[in-house]
Amino acid sequence: MKTFWSRSGTAVSDRHKATKDAIRNYLQALHELGTNQSLSYFSQFAGNFTVHDPLGTEPMTSVEELMTAIPELAKLLAPNGFTVDVEGVSVAADPEYGSAHLVLNIIGGPSVDIIDIFQISEGKVKDLKAVWHIF
31 MKTFWSRSGT AVSDRHKATK DAIRNYLQAL HELGTNQSLS YFSQFAGNFT VHDPLGTEPM
91 TSVEELMTAI PELAKLLAPN GFTVDVEGVS VAADPEYGSA HLVLNIIGGP SVDIIDIFQI
151 SEGKVKDLKA VWHIF
């Protein structure tokens, strides 16, 4: 198990800021995807990436896989779309890693708390583990 944390008062580097911006850009793109405003979600990923969404399922490693799986999942779980509320974004002491707590609000359905754990490389998602489950 890896644990990432940082101390209060630790100086925030440009790399920390870039990672936080990349995570926020990803979350905004996810919101725009769910509200049918934009497909920029699919451009948030590095050339080589791994997505475990939700964690415990087979990973996806290509934009083509995401472009197939995400609409299928949305049709099943959120046929009317979804919105995203960001509860918090944190960057680890190692600025390559960060996390986000978001709430996925399924239109006409439940709200789902999600914890996303990111590895960011050059402003793009290199690795994403999404922890959620709809009961």
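Per this note's numbering, residue 31 is the first one in the sequence shown, and the count goes up by one each step. Note that CB positions come from ideal geometry on N, CA and C, so glycine has one too.
Taking every protein chain shown into account, the CB of residue 140 has fewer than 16 other CB atoms within 10 angstroms, so this residue is exposed. Rounded to the nearest angstrom, the gap between the Cα atoms of residue 67 and residue 109 is 15 Å. Counting of Cβ neighbours within 10 angstroms places residue 49 among the buried residues, the total reaching 16 or more. In the structure shown, residue 49 falls within a helical segment according to DSSP collapsed to helix, strand and coil.
No Cβ-Cβ contact shorter than 8 Å links residue 121 with residue 133.
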